[in-house]
Structure formats: C-alpha cells, structure tokens
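Everything in the sequence shown is counted per the working numbering, starting at 101 for the first residue and increasing by one. For every residue, glycine included, the Cβ atom is placed at its ideal position computed from N, Cα and C. Since we're looking at a predicted model, the values are computed, not measured. All remarks here apply to the structure that follows.
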Amino acid sequence: MNTKSLTLSSRALPSLALPSLLLVSTLALTSCADGSNSADPESMEGAAAESSAAPEAASTEDAESAVEPSDRETHEAGGPSPRVAVTYDGGVAVLDGATLEVLSEDEAEGFVRVNPAGDGRHFFLTEGESFRLLDGGTWAEPHGDHDHFYTTDPLLSDVTVGGPAPGHVVSHDGIGTLFFDGNGEIHSYDLAELSDLDLGAESELETEVAATEEAHHGVAAVFPDGGRFETLGNEDARTGARVLDADGEELARNEDCPGVHGEAAGPEGMIAVGCEDGVLIWDGEEFSKIDAGEDFARTGNLFPAEDSRVFLGDYSLVADGEEPMTEVALVDAASEEISTVEIGAAYNFRSLARGPEGEALVLAEDGVLHVIDPDTGEHTDELEIMDEWTEPEEWQEARPAIRVLDDIAYITEPDAQSVHMVDLTTMEIINSAEFEFTPNEIAAVDGRAVEGAEESGHDHAESDSDHAEEGHEDAEEGHDHAEEGAEHSADEHEDHDH
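Printed below as a string of structure tokens:
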C-alpha cells in the first residue's frame, strides 16, 4: 500500500454527552411535558422547549461569522456524552444524545449520508464526491485507570477525503476505512489520530491507500497488521471477497457470494458478508459459505453483537425487491446455519439493529419495535413507537430508522419530524423531540476513548473536584452503557446497493 496525504480544512461541528440512565430519564420527562410523544435496496413549545425543541440554527452562509474551531470552549463532563447526527434535505443536525436538543445545524449539498468515523467522536458525511469530517464534540482522554470526558460545540469541518462515488465507512480494531465505489480505492486511517487534527488550519489526514482489482459497489476492512479484507466485483456483478496481507499478497479468495454486500464483524477476527444465496464468513483463517437453502435468498445487510457469533440480517426472496421483506435472518456462524423469523409486517434496510444483550431489533411498518432472541428466534417483547407507515419507493427518501448506543435506541419518525429515545432495558419511550426538518439518516457516537488514545495530562485533584461539583453519579447508577457492537458495529456500514 502506498501512503497519501490529503489536505483538509474545517468549519464547526456539534457535541453531546452520555449521562446515566437516571439523568436521561429525568431529562426525558421534562422534554416530553409538551405532549409531543408519539407512542438498501439496490445501488422532536412549551415546558419542553429548552431541552428538546430545535433552536434557531446558526447561519453558515456568512464565512466571516463562522466559528473558529480553536474558539470553541471545552467543558469537562462527568461521563461519556453521546451525540446524534441526523441528516435532512439540505443539511445535517447534531443532537444532544440525552436531551435531543439541537446543538448545531449545517447546510450540506445534495443527498447526504452519515456514518460514525469509528473513534467515538467524529462522523463522516458522504457529500458529493467526498467524505467530509463532522466533529461531534464529545470525547474522552485516558488518565491512568480512568478516563476524563469532555464536550465542545459540534463543528462541520472542511476536512474531506475525495474520490468518486464514496460509499461504505467501517472501523475495526482501531482502523477506519473509507471505500470509493467509483474507483475501488480503499483509504484507511488510525482512529486514535482523528482527534489530533487541527480543524482550525490546513490539516492533513494521512491515509493509507489501496485499491480493489476492479471498481464496484463494495467494502473493505483494514487490519492492524496492514492486511485487509475486500469485496470482489466490477460494474456488472459482485462475486465474493478476498483477504490480502500487508504486502498486498492474496492469502485467500472466495467467489461463491453473488451480490456480495453488508459487511459486519464478529468475534476473533470474523467478518461476514451477505450474498444472494446465503452468507460468506471469513473466520480469520479461511472462508466458508453458509447456504440459505434457496435459489435466491438475499441477505444484503448484516448486524453483529459483541461476543456473539449470531448475525442479524435482512432476508429477501424476490430478486427485483418489489415484494416487501417480512422475515429476518439469524445467521449462526458457529453452527453454520441460517434460520428465519417472521415479523408479521414489512421492514427495510434501516429497520434493523442489535440491543445491549445482543437481542435482534426490528422496527417494522406496523410502527412497532419487535425484539427477538437471536439464539431461539422467539419474539420476546415489542413496543409501539408510531403509527403504521409505508416504505417510500426511492431508497434515498426518508423512512423510519433505528440506531443503538448501549441500552438506548434512537428512532426517527419522518412523518412526525421526530426522533424518539427508547430505553431497551425497560422498553419505554423516555424522550421524544420534534424538529423543523424531516429526519432521514441517523448515526450516533458515544464520546468514549478509542483504543490507543493518548493519556490526559490534566491534574487529578482538580479533575476529581470538577466531577464532584457536577454531581454526576454514573458509577452509582450502575449503568455501564457498554459500547454497542464494539468498534465494528454494523451501524457504521449498513447500507443500500446502487
């Protein structure tokens, strides 16, 4: 692989924090006081205003009034502070992950997609012919046996990584990877180095660059040792995947995966991708194919859970995609079997997620969040979130979507221009917010330190005093909010085919 330096500059991004569940619930009750609650396809007026209503967005048209990154105030927080990025027609907003308050809004051109960058702080917008860095303004710095947590205002930077048809963003084991469908280029970066970028000046995000054999709508994951997993295909067909070492030498190849799509990582170096007739598994040493048992049974998006060898996937038996999906796939990499579960209502590629215990979550068109035991396929719980809805014809059009951080699910309701927070441990809607825009895509970061982050040099006594004054009791609450899906959550790369 060769090394390429990309020149980057910046603007302003938002920041959020992850409090204890008790704090989240208290804020939720306040913000809901206005009664605003409501119970890929191919290729939140009144008492609640302060915490949930969208404030007037700062103008991004006057360059002279733009906030300099270095002018942003930094605040120490009592714990991790989640931030949620939501795209809409013409822009992107960053929300406080506890209150759903709009922290920032920025204009963005064209149809904009958003993915976590993988470091717990930043996002990448897919805007035009580039990936554009969005600072969520929440992070942690290790300090001995604990971390210090900080927030600042979000900032949409001018830091971009350019290339034709930007597609998937994934991260594994401290390495982030950007994939360009238009030329098959694979740009990888060290997650721990993203926070070192000086967004207030010209800055360079140094990426390692490689390329697939031919350009195609694909995905890649770079390993810590410099090797990589990448899909195979061209503009006409996608056929499988291969693994290469740090020198670019091919170690293994499998071309028995038509329509390959939907990369997800499991334990012990496992990577799974969906096929039109099953699922292809790389176990860290070799490929194996799990057959669906049907001539056509497409799993195009896979969703992992930490330490689980069972993947949740969508499941379509119709090649043209005109028939709605009502079954989901549970792919057991240990037994090498695929079982299906009938939901009883249609769903789509933005409907799936995994819960804090690995449970399979399906947000279906009946307006219900369905909970499934991934080991037995049993329906264990459900919660009505919204009225019934119908998937729009074009995949770019807004439809309900779900993203999970720890034990909180963030769910969009485009028809009500709202986002809901669901406590997955109690199956309750604990907060809702209505906006002046229609939410489309959604992504979330937790503000935790990524592996390899540098230690903080802050004075211990001063920091401990600050924590006490803030009165946060996260540890006493007992809510650990373990990072959902580790670094390689499928939320980073669930996608469409186009």
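| Check | Outcome |
| --- | --- |
| How long is the line joining the alpha carbons of Thr-426 and Val-186, rounded to whole angstroms? | 27 Å |
| Enumerate in chain order the residues of its own chain whose CB-to-CB distance from Leu-234 is below 6 Å, with the five nearest sequence positions on each side excluded. | Leu-113, Phe-223, Leu-225, Leu-256 |
| Assuming the contact rule is C-beta atoms closer than 8 Å, Gln-496 and Phe-211 should be a hit. Round their C-beta distance to whole Å, please. | 5 Å |
| Okay, do the region 234-244 and the region 264-279 touch, 3+ Cβ pairs below 8 Å being the bar? | no |
| How is the beta strand (DSSP E) around Ser-295 delimited, first residue to last? | Element bounds for Ser-295: n/a, residue is neither H nor E. |
| Indicate whether Arg-454 and Ala-460 have their beta-carbon atoms separated by less than 8 Å. | yes |
| How would you label Asp-506, buried or exposed, when you count the other beta carbons within 10 angstroms and need 16 or more for buried? | buried |
| Do you know how far the Cα of Thr-251 is from the Cα of His-470? | 34 Å |
| Just mark Thr-526 as buried or exposed, buried being the case when its beta carbon has 16 or more other beta carbons within 10 Å. | exposed |
| Three or more C-beta pairs under 8 Å: does that hold for the region 528-545 against the region 193-202? | yes |
| State the CB to CB distance for the pair Val-462 and Asp-432, rounded to an integer number of angstroms; the pair is presumed to be in contact (CB under 8 Å). | Wrong, their Cβ atoms sit about 18 Å apart, outside the cutoff. |
| Using the C-alpha atoms, what's the distance from Leu-299 back to Gly-327? | 30 Å |
| Does chain C have any CB closer than 8 Å to the CB of Gly-191? | Absent from the structure: chain C. Only one protein chain is present. |
| Look up Arg-342 in the DSSP assignment and give the residues it is bridged to. | Glu-330, Arg-353 |
| Buried or exposed, going by whether 16 or more other CB atoms sit within 10 Å of the CB of Val-360? | buried |
| From what residue to what residue does the beta strand (DSSP E) around Gly-262 run? | 255-262 |
| Is Arg-450 closer than 8 Å to Ala-501 when the C-beta atoms are compared? | yes |
| For Ala-516, does the three-state DSSP call read helix, strand or coil? | helix |
| Less than 8 Å between the beta carbons of Val-269 and Ala-217, yes or no? | yes |
| Bridge partners of Trp-382, per DSSP? | Ile-371, Phe-387 |
| Is the Cβ-Cβ distance between Pro-180 and Ser-230 less than 8 Å? | no |
| Mind checking which residues open and close the beta strand (DSSP E) that includes Val-545? | 542-545 |
| Is Pro-539 helix, strand or coil when you go by DSSP? | coil |
| Three-state secondary structure (DSSP) at Asp-235? | strand |
| Tell me the DSSP bridge mates of Ala-365? | Ile-371 |
| Does the region 258-265 come within contact of the region 329-345, defined as at least 3 CB pairs closer than 8 Å? | no |
| Exposed or buried, which one is Arg-172 when buried takes at least 16 other CB atoms within 10 Å? | buried |
| Which residue comes first and which comes last in the beta strand (DSSP E) that contains Phe-600? | It is not possible to answer for residue 600, since the shown part of the chain is limited to 101 through 598. |
| Using the rule of at least 16 other Cβ atoms within 10 Å of the residue's Cβ for burial, across every protein chain shown, is Phe-329 buried or exposed? | buried |
| For Pro-216, which of helix, strand or coil comes out of DSSP? | strand |
| Give me the Cα-Cα distance between Gly-282 and Arg-338, rounded to the nearest whole angstrom. | 14 Å |
| Helix, strand or coil for Asp-171, going by three-state DSSP, please let me know. | helix |
| Starting from the C-beta of Gly-284, find all residues in its chain whose C-beta is less than 8 Å away, skip the five residues before and the five after it, and write them out in chain order. | Ala-311, Thr-312, Glu-313, Glu-314, Ala-315, His-316, Gly-318 |
| Here's a check: name, in chain order, each residue in its chain whose Cβ is nearer than 6 Å to the Cβ of Ala-372, leaving out the five neighbours to either side. | Ala-364, Val-379, Ile-381, Leu-402, Phe-411 |
| With Leu-542 and Met-521 assumed to form a contact (beta carbons below 8 Å), what rounded beta-carbon distance in angstroms separates them? | For the record, residue 542 in the displayed sequence is Ile; it is not Leu. No, Ile-542 and Met-521 are not in contact; Cβ-Cβ is about 12 Å, not under 8 Å. |
| Going by C-alpha to C-alpha distance, which of Gly-421, Ser-388, Thr-238 sits closest to Ala-352? | Ser-388 |
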